[in-house]
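Those letters in the sequence shown? Residues 43 to 290, per my numbering, in order.
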Amino acid sequence: MSTAVLSAEAEILDALATVTDPELDEPITDLGFVRSVFIDDDGVTVHLRLPTAFCSPNFAYLMASDALDALRELDEIGRVRVVLDDHHDSDKINSGLAADAGYLGTFGVEAQESLDELRDVFRRKAHAAAMERAIASLLRHKPMDVEQIGHLLLRDLPEDRAKVALLRRRYALGLSNCPNSRVLVDDEGKPVAPEAVPLRLRFAKSVRISMEGNSHFCRGLLATRYADHEPAGGVPVVTNTKSTRSRK
43 MSTAVLSAEA
53 EILDALATVT
63 DPELDEPITD
73 LGFVRSVFID
83 DDGVTVHLRL
93 PTAFCSPNFA
103 YLMASDALDA
113 LRELDEIGRV
123 RVVLDDHHDS
133 DKINSGLAAD
143 AGYLGTFGVE
153 AQESLDELRD
163 VFRRKAHAAA
173 MERAIASLLR
183 HKPMDVEQIG
193 HLLLRDLPED
203 RAKVALLRRR
213 YALGLSNCPN
223 SRVLVDDEGK
233 PVAPEAVPLR
243 LRFAKSVRIS
253 MEGNSHFCRG
263 LLATRYADHE
273 PAGGVPVVTN
283 TKSTRSRK
């Protein structure tokens, strides 16, 4: 297989990796939600799957729609289709995606809240969990009391994956990533009062534990649901029949 072919396939998978489950805050590629990728001269077709047929339709639509948007950002890949398999609202969601009907156009009167509101709720949760992880990473090497934790600055955090994740989530919320910004903040980016530090940390830890527990549970459900089907181990099947001339 040529370098160009491998590069195109990697580009598509990298784009899909930018799409996260809103509740779990993990890439759909890592979670095994990308079932298959089919590339031909016409374009790209991606099939998604979820742990159960009754996963939240809002979350299902959001992930499928985000995958569609991520792939459409790529150059010269042709027509893009994203198909959700084995969900009780698959027909409705797939029809809405194909027609570019949007969330409200897809669900109509069933759409009880806007996607913007939904995204905001889970971005705040993801930020709280990332904040707790970053602080916990620092405390493993440098014990601190409550007052010191409340005065931590972004520049005080070790340059590790926890900090990178925190900065990404702060950016998504529109919070400052200035090195002199406080690490422990509320949902609006305001420093937490000294007496509120323990409560904020406990809340952030509970959010983090809940997300990690749900992630583990969903992985187990997915593995059980598709135990007798491909792809094994949650790795998407990638098929590329694009002609050599089209690949240039």
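By construction, the Cβ of each residue, glycine as well, lies at the ideal position given by its N, Cα and C atoms.
The structure presented is a predicted model; accordingly, all values stated were derived computationally and were not measured.
Own chain residues within Cβ distance below 8 Å of residue i, not counting five before or after
| i | result |
| --- | --- |
| Arg242 | Leu226, Asp228 and Val234 |
| Gly85 | Ile119, Gly120, Arg121, Val122 and Arg123 |
| His183 | Pro200 |
| Leu263 | Pro93 and Thr94 |
| Glu115 | Ala57 |
| Phe149 | Pro99, Tyr103, Lys134 and Gly138 |
| His193 | Arg224 |
| Pro185 | none |
| Phe164 | Pro64, Glu65 and Asp67 |
Under 8 Å between C-beta atoms of residue i and residue j
| i | j | result |
| --- | --- | --- |
| Val277 | Ser78 | no |
| Ala176 | Leu208 | yes |
| Ile81 | Ala50 | yes |
| Leu73 | Arg261 | yes |
| Asp83 | Lys284 | yes |
| Asp133 | Pro99 | no |
| Ser218 | Gly231 | yes |
Cβ-Cβ separation, residue j to residue i (assumed contact under 8 Å), whole Å
| i | j | result |
| --- | --- | --- |
| Leu90 | Phe75 | 6 Å |
| Leu104 | Val88 | The pair is not a contact, with the Cβ atoms about 15 Å apart (cut-off 8 Å). |
| Glu159 | Arg250 | Contact doesn't hold; Cβ gap of about 22 Å is too wide. |
| Leu180 | Leu199 | 6 Å |
| Leu139 | Ser107 | 7 Å |
| His129 | Ala95 | 6 Å |
| Ala102 | Ile135 | 6 Å |
Helix, strand or coil at residue i [DSSP, three-state]
| i | result |
| --- | --- |
| Gly85 | strand |
| Pro221 | coil |
| Arg77 | strand |
| Asp72 | helix |
| Asp133 | helix |
| Arg175 | helix |
| Leu113 | helix |
| Asp63 | strand |
| Pro185 | coil |
| Arg261 | helix |
| Pro240 | helix |
| Pro233 | strand |
| Thr281 | strand |
| Leu90 | strand |
| Leu126 | strand |
| Leu196 | helix |
Close beta carbons around residue i, own chain, < 7 Å, minus the five adjacent residues each side
| i | result |
| --- | --- |
| Pro240 | Val188 |
| Leu195 | Pro221, Asn222, Ser223, Arg224 and Val225 |
| Phe245 | Ala170 |
| Asp202 | Ser179 |
| Leu157 | Leu104 and Tyr145 |
| Leu126 | Leu90, Ala102, Ala106, Ser132, Ile135 and Asn136 |
| Arg197 | Pro221 and Asn222 |
6 Å Cβ shell around residue i - same chain, five flanking residues per side excluded
| i | result |
| --- | --- |
| Thr71 | Leu58 and Ala59 |
| Cys97 | none |
| Ala204 | Arg175, Ala176 and Ser179 |
Margin query: So, does the stretch 245–260 touch the stretch 60–78, judging by three or more C-beta pairs under 8 Å?
Written below: Yes, since at least three Cβ pairs between the stretch 245–260 and the stretch 60–78 fall closer than 8 Å, the two stretches touch.
Next item on the list: Would you check if there are 3 or more beta carbon pairs closer than 8 Å linking the stretch 165–176 to the stretch 194–214?
Entry: Inter-segment contact for the stretch 165–176 and the stretch 194–214 is present: three or more beta-carbon pairs are separated by less than 8 Å.
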